[in-house]
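Which chain is which? The protein sequence lines are A and B, in order.
The opening residue of the first sequence carries number 17 in the working numbering; numbering runs sequentially from there.
The opening residue of the second sequence carries number 17 in the working numbering; numbering runs sequentially from there.
Glycine included, every Cβ here is placed at the ideal spot set by N, Cα and C.
Below you'll find the structure, written out as C-alpha cells, and then a few comments.
2 protein chains.
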Amino acid sequence: MAKQPAPARGRTNDPEGLRRRLVDAAYAAFTTQGYHATSMHDLKREAGATGGALSHHFPTKKDLGLAVIRDRVADAVEETWIEPLRSAASASEGIQAAFSAIASELERRGAVSGCPLNNLALELSRHDPDFRAQIEAVFERWREAIAERIRADRAAGLAAGLDPDAFATLVVAAYSGAMAMAKASQDAAPLRICAEQLARAMQEGRGSPAA
Amino acid sequence: MAKQPAPARGRTNDPEGLRRRLVDAAYAAFTTQGYHATSMHDLKREAGATGGALSHHFPTKKDLGLAVIRDRVADAVEETWIEPLRSAASASEGIQAAFSAIASELERRGAVSGCPLNNLALELSRHDPDFRAQIEAVFERWREAIAERIRADRAAGLAAGLDPDAFATLVVAAYSGAMAMAKASQDAAPLRICAEQLARAMQEGRGSPAA
DNA sequence: CGCCGAACAGGACACTTGTCCTGTTTCTGA
DNA sequence: TCAGAAACAGGACAAGTGTCCTGTTCGGCG
C-alpha cells in the first residue's frame with residue numbers, strides 16, 4: 017500500500033565528489049553561457065544531481081557562483097598565468113608564454129568562450145557586492161603576480177624602465193580586452209597582436225628607469 | 017453593459033518617441049545590469065509602455081537587443097572615442113583625451129558600470145550569431161578609427177615606430193580590459209594607469225620604423 | 001546493535017519569464 | 001469622409017525560474 021518510489025539501490029554518499037561535479041558543471045556553464053543564462057535545472061542534469069542534493073550543498077545559486085569563482089576561476093588564473101610566470105626565464109617570456117598557450121588552445125578548439133574571470137566580472141560585479149569582492153581579489157592576485165615577477169627582473173638588472181605595478185595592470189587589461197575582442201570575432205588574432213605589442217613595449221622598457 | 021476599460025483619453029500615437037524611450041531604457045538596463053538580468057516587464061515599466069506597444073515595435077527581446085547595439089552602443093563609441101580622435105592634435109593626444117574623459121566621468125558619478133560594448137560583447141557574443149556579428153562590427157569600426165588616426169600621424173612624420181593596426185588593437189584591448197578591472201574594483205585607477213602606459217609606449221614608438 | 005546527523009531523492013511551490021492575442025484608438029491617404 | 005493600416009491597450013498564456021519541504025537512505029560513533 018505504501019508508495020515505494022524506486023529504492024535507489026545504487027546510491028552511495030559522496031559529498032566531495034558530488035560537490036565537485038556540481039562546481040565543475042557550474043564553472044563550465046557560467047563561463048561559457050553566463051551566470052544568468054544558466055539554469056539550476058541544467059546544472060542538476062549536467063552533474064547528475066537532484067534538487068535535494070543541490071540544495072544541500074549550495075542553498076542558493078549565489079553560493080554556487082561564489083564557489084565557482086573561489087574554487088575554479090582562481091585556480092584557472094593560477095594555472096594559466098601565475099605558474100607560467102614562475103617557471104619562465106623572465107617576466108617578458110612568461111607573459112608571452114601565457115598569451116601564446118591560450119591563443120593556441122583557442123585555435124585548437126575552434127571557439128572562443130572568453131576569459132572566465134572577465135566573463136563573470138562583467139556580469140556579476142555590479143550584481144552583488146560579494147561577487148565583486150571575490151572577483152576583485154582574483155584580479156589583484158593576478159596583477160600582483162605579474163608585478164612581482166617584473167620586480168624580480170629589475171633586481172636582476174632587466175626591464176629597468178618599467179613600472180612593475182603599472183605595467184602589470186596594462187598586461188592584465190590588454191589580455192582581458194584582447195580576449196573580449198577575440199570572443200567577438202571568434203578569432204585568436206587580437207591575443208597574438210597584443211602579445212606582440214606588449215613584447216615590444218617591454219623590450220623598449222629595458223632602458224633607463226622611468227620618471 | 018459593455019466593458020469600457022478606461023477610455024485612455026490622453027493617448028497620442030508617437031512611434032518614434034516611444035521607440036526611442038524603449039531603446040533608451042533597454043540601453044541603460046542592458047549596459048548596467050546585463051541583458052539576461054533585465055526583464056521585459058522592467059523595461060515596460062521604465063519606458064511607460066504596455067505589452068502591446070513593446071510587442072509592436074520589438075517582437076522579441078533579441079530585436080530590442082540588436083537595436084540597442086546598433087542605435088546606442090555604436091553611437092556611444094562614436095562619441096567617446098572616434099570624435100575625440102578626430103578633433104585631437106595627434107593620435108596620442110586623442111587617446112589620452114578619451115581615457116581621461118571617461119575616467120573623470122566615472123569618478124564624478126561614483127560608480128563604474130563598465131564599457132557598454134564590452135558588457136554586451138561578453139554576454140551575447142556566444143549567445144547568438146546575430147549579436148556577435150553586430151558587436152564585432154562595432155569593435156572593428158572602433159579599432160579601425162584608431163588605426164586610421166595613427167596612419168595620419170605617420171604621414172605627418174609622427175609615431176613612425178608604430179604599427180597602426182596592431183597598436184590600435186592594443187589600445188582597444190587595454191581600454192576594454194582596464195574598464196573591466198575598474199568595474200571589479202569600482203575605481204577608475206586602472207584606466208588612468210593604462211592610459212599612462214599607452215602614452216609611454218607611443219612616445220617610445222616615435223623613433224625608427226618597426227621591424 | 002541502535003541511533004542520529006549528514007547526504008540525498010523527488011517533487012511542490014510561488015513567482016517570473018518572454019511572447020502572443022484580441023480589441024480599441026489614432027492617423028493617413030484617397 | 002471614410003476605409004484601412006499602423007499604433008497602442010491590457011491581459012492571457014505556457015514554459016520556465018530558483019527555492020524549499022517532506023521523506024528516505026547512508027555512514028560513522030557509542
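DSSP-derived helix/strand/coil call for A:His57
Judged by DSSP in its simplified three-state form, A:His57 adopts helix.
Span of the alpha helix (DSSP H), counted from its first residue to its last, around B:His73
Gly67 to His73
Look at the Cβ atom of A:Gly193, then the Cβ atom of B:Gly193, and state whether they are nearer than 8 Å.
In contact: A:Gly193 and B:Gly193 (Cβ atoms closer than 8 Å).
Since A:Leu138 and B:Asn135 should fall inside the 8 Å C-beta cutoff, what is the C-beta to C-beta distance between them, to a whole number of angstroms?
5 Å
Segments assigned alpha helix (DSSP H), at least 4 residues, entirely inside the segment 87-167 of chain A
90-93, 99-103, 107-125 and 132-140
Do you know whose CA, among B:Ser71, B:Asp144, B:Gln202 and B:Ala171, lies nearest A:Ser129's CA?
B:Asp144
Closest to A:Phe183 by CA distance: which of A:Arg102, A:Ser106, A:Asp58 and A:Ala163 is it?
A:Ala163
Suppose you measure from the CA of A:Leu173 to the CA of A:Ala217; what does that come to, to the nearest Å?
For clarity, residue 173 of chain A is Gly in the given sequence; the question names Leu instead. For A:Gly173 and A:Ala217, the distance between alpha carbons rounds to 17 Å.
Confirm, please, whether the CB-CB distance from B:Arg165 to B:Ala107 is below 8 Å.
yes
Determine the direct distance from the alpha carbon of B:Gly177 to that of B:Glu220, and round the result to whole angstroms.
8 Å
Inter-residue spacing [alpha-carbon to alpha-carbon] between B:Ala119 and A:Ala45
If you take the alpha carbons of B:Ala119 and A:Ala45, they lie about 33 Å apart.
Establish whether the CB of A:Arg170 and some CB of chain B are separated by less than 8 Å.
no
Length of the line joining the Cα atoms of A:Arg35 and A:His73:
The straight-line gap from Cα to Cα measures roughly 7 Å.
With distances taken Cα to Cα, identify the nearest neighbour of A:Ala127 among A:His57, A:Ala42 and A:Met195.
A:Met195
Of all the options A:Glu62, A:Gly64, A:Pro132 and A:Leu59, which has the alpha carbon lying nearest to the alpha carbon of A:Ala92?
A:Pro132
For B:Tyr51 and B:Pro23, the rounded distance between their alpha carbons
The pLDDT assigned to B:Pro23 is 44, lower than 50, so where the model puts this residue is not dependable; a value taken from the coordinates is nonetheless given after this. The straight-line gap from Cα to Cα measures roughly 35 Å.
Residues of the segment 181-193 of chain B with Cβ closer than 7 Å to any Cβ of chain A, in chain order:
Within the segment 181-193 of chain B, contact with chain A at the beta-carbon level (separation under 7 Å) is assigned to Ala182, Phe183, Thr185, Leu186, Val188, Ala189, Ala190, Tyr191, Ser192 and Gly193.
Give the DSSP-derived three-state secondary structure of A:Tyr51 in the structure shown.
Coil.
What's the gap between the Cα of B:Val39 and the Cα of B:Ala168?
36 Å
By alpha-carbon positions, which one of B:Glu62, B:Lys199, B:Leu70 and B:Leu214 ends up nearest to B:Leu122?
B:Lys199
C-alpha distance - B:Ala153 paired with A:Ala42, whole-angstrom precision
31 Å
Excluding the five sequence neighbours on either side, which residues of its own chain have a C-beta within less than 6 Å of the C-beta of B:Ala149, listed in chain order?
none
I want to see whether chain A comes within less than 8 Å of B:Gln213, judged by CB atoms only; does it?
yes
Chain A within 8 Å of B:Ile85, Cβ atoms only:
It does not; no Cβ of chain A falls within 8 Å.
8 Å Cβ cutoff, A:Leu138 in contact with chain B:
yes
Cβ of B:Thr47 less than 8 Å from any chain A Cβ?
Using beta-carbon distances, B:Thr47 does not count as an interface residue toward chain A, since no partner is under 8 Å.
Cut-off 7 Å between Cβ atoms - residues of its own chain near B:Thr185, not counting five sequence neighbours on either side:
Once the five neighbours on either side are set aside, the close Cβ partners of B:Thr185 are Arg159.
I want to verify the contact list: residues of chain B whose CB lies under 7 Å from the CB of A:Asn135, in sequence order.
Under the 7 Å cutoff, chain B gives Leu138.
Backbone secondary structure at B:Asp79 - three-state DSSP:
helix
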